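In the working numbering, the protein residues as written are 1177 to 1257.
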C-alpha cells in the first residue's frame, strides 16, 4: 500500500488499515491525546486517541522525518526496511 492510497481512504478505512496491517512502534502523550505510531511498510501512520472520550479522534499517514521527530528517541528504526 502507498501513502497516497492510504490517505484517500476515509477516517474509518484508515483506522482499519492501521489496525490490520500496521506494526506498532511507539506511543507518546501530547496534551489530552495518546498518539500511537505505526509502520505501514512504505510510510508511517499515527492514531490520535483521546483518553477522556475513550475514542480515536484522528488517523494520519506520513513519510516526513519532521513528523517522526517526536518518536526518534523512543524507537530504533534501523530494522525497518
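Note that CB positions come from ideal geometry on N, CA and C, so glycine has one too. None of the values given here were measured: they were computed from a predicted structure.
Between residue i and the rest of its own chain, which residues show a CB-CB distance below 8 Å, the 5 nearest in sequence each way excluded?
i: residue 1228; result: 1208
i: residue 1248; result: none
i: residue 1217; result: 1177, 1197
What whole-angstrom Cβ distance do residue i and residue j have, given they're in contact under 8 Å?
i: residue 1200; j: residue 1190; result: That pair is no contact at about 16 Å.
Using three-state DSSP, classify residue i as helix, strand or coil.
i: residue 1182; result: helix
i: residue 1235; result: strand
i: residue 1244; result: helix
Note down, in chain order, each residue of its chain lying with its Cβ closer than 6 Å to the Cβ of residue i, except the 5 sequence neighbours on either side.
i: residue 1179; result: 1219, 1237, 1239
i: residue 1211; result: 1204, 1222, 1224
i: residue 1251; result: 1201, 1202
i: residue 1234; result: 1224
Of the choices the options, whose alpha-carbon is the least far from that of residue i?
i: residue 1243; options: 1186, 1231, 1254, 1214; result: 1214
i: residue 1188; options: 1226, 1206, 1245, 1232; result: 1232
Can you list, in chain order, the residues of its chain whose CB lies under 7 Å from that of residue i, leaving out five sequence neighbours each side?
i: residue 1246; result: 1204
Q: List in chain order: all unbroken beta strand (DSSP E) runs of 3+ residues lying wholly within the stretch 1184–1213.
A: 1199–1206
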